[in-house]
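These notes concern the structure reproduced below.
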Amino acid sequence: MPELPEVETVVNVLKPQIIDLTVSRITINKPQVIAYPAVEEFCTRLTGQKISGMKRRGKFIIICFASGDQLILHLRMTGCLLVTPAEDNIADHTHVIFELENNTQLRFIDTRRFGRFWMIKKGEEDNVSGINKLGIEPFDAVLTADYLQSILSNRKKTIKECLLDQSLIAGIGNIYSDEILFRANIDPMRKANTLNSCELERLAAEIPRTLKYYMEKNEITPEEYLKKQGRGYNNSSFLNVYGQDNKLCPVCGEILHRRVIGGRSSVYCQNCQK
Ligand SMILES: [Zn+2]
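In UniProt numbering, the protein residues as written are 1 to 274.
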């Protein structure tokens, strides 16, 4: 599932390719991916609109229009966005096509079909996408040890589950929660309300540092991105623990273990993470 660094990559690659272009036509092959409003209104309203920006919030992608309307997308498990020449073959599982005025297309492809679009009109309150329930951004200066203390001190859940909770901090998923906790030397099973000030300091530092590191490792050219159909993540070979169970800890050489915590698997080093 794409997490903050991957969504950031999508935005960085696609934004220069779609900004200032007008949507000339929209084709929807799977109406279920349009969560809000009704498909007809979605198409009618956005056709003819000029794209003025693209940004990320948590794991959501937001495409802004000059009118003030916004198109919100969550890729969920397998969704991906591509900008392709109009004449390129249409891949299987292409559910939405935005034709752009320069003879390119913004295509949404999703094998498992969990990805969703919402269109929010200018001035309309967004109570539908879930963005309004997100916690702070990991790069927000507000994220300090004191802030973590304030949001975690009454949580009896594990720190792993708290990092996955989008209403606390937005954008972190299973991959980067494992990596953040490894770098902060914190056992993912620890109850969040038991972390001491030293551990909270490490966590506050490692959340943005880890995400930034993997964002940088994810850098990709638009050509390579398209060649890999938006699914190639260059940073996966730099992961220390995620998906590495039964391999050796890159720091101490002990075997990495996998535990299921709150229904999600977590890989960690029993020796380095306390
Ligand atoms: Zn270790």
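By construction, the Cβ of each residue, glycine as well, lies at the ideal position given by its N, Cα and C atoms.
Query: Chain-ordered residues, beta carbon under 6 Å from a heavy atom of ligand 1; Result: Cys-249, Val-251, Cys-252, Glu-254, Cys-269, Asn-271 and Cys-272
Query: Beta-carbon contacts of Asp-187 that lie in its chain and below 7 Å, excluding the five residues immediately before and after; Result: Tyr-268, Gln-273 and Lys-274
Query: For Thr-111, the first and last residue of its enclosing beta strand (DSSP E); Result: Thr-111 -> no beta strand (DSSP E), and no H or E assigned at all.
Query: Distance between Lys-228 and Lys-157 (C-alpha atoms, nearest Å); Result: 38 Å
Query: Contact check, Arg-57 vs Leu-82, beta carbons under 7 Å; Result: no
Query: Outcome for residue 278 when other beta-carbon atoms lying within 10 angstroms are tallied against a minimum of 16; Result: No statement about residue 278 is possible, as the shown extent of the chain runs from 1 to 274 and does not include it.
Query: Candidates Val-13, Cys-80 and Glu-101: closest to Phe-114 by CA position; Result: Cys-80
Query: Alpha carbon of residue 291 to alpha carbon of Asn-234, nearest angstrom; Result: With the chain covering 1 to 274 only, the question about residue 291 has no answer from this structure.
Query: Arg-264 versus Cys-252 - alpha carbon distance; Result: 25 Å
Query: Separation of Asn-89 from Leu-211, as counted between CA atoms; Result: 34 Å
Query: Backbone CA spacing between Arg-209 and Thr-94 [nearest angstrom]; Result: 35 Å
Query: Contact with chain C by Tyr-214, beta-carbon distance below 7 Å; Result: The displayed structure is made up of one protein chain only, and chain C is not part of it.
Query: Close-in-space but distant-in-sequence residues of the same chain around Ala-145 (CB under 7 Å, 5 per side omitted); Result: Ser-197, Leu-200, Glu-201 and Ala-204
Query: C-beta atoms of Asp-178 and Ser-266 nearer than 7 Å; Result: yes
Query: Meets three-Cβ-pair contact criterion under 8 Å: the stretch 6–20 and the stretch 216–227; Result: yes
Query: For Lys-30, the three-state DSSP class (helix, strand or coil); Result: coil
Query: Residues that DSSP places opposite Glu-99 in a beta bridge; Result: Arg-25 and Gln-105
Query: Backbone secondary structure at Ala-192 - three-state DSSP; Result: helix
Query: CB-CB length for Ala-192 against Leu-152, believed under 8 Å; Result: 4 Å
Query: Euclidean distance between Cα positions of Leu-168 and Gly-130; Result: 13 Å
Query: Status (buried if at least 16 other CB within 10 Å, exposed otherwise) for Lys-50; Result: exposed
Query: Proximity below 7 Å, CB of Glu-161 to CB of Gly-262; Result: yes
Query: Beta-carbon proximity of Gly-173 to Met-1, cut-off 7 Å; Result: yes
Query: Chain-order list of residues whose beta-carbon lies under 8 Å from that of Cys-43 (same chain, five-residue window excluded); Result: Ile-26 and Ile-28
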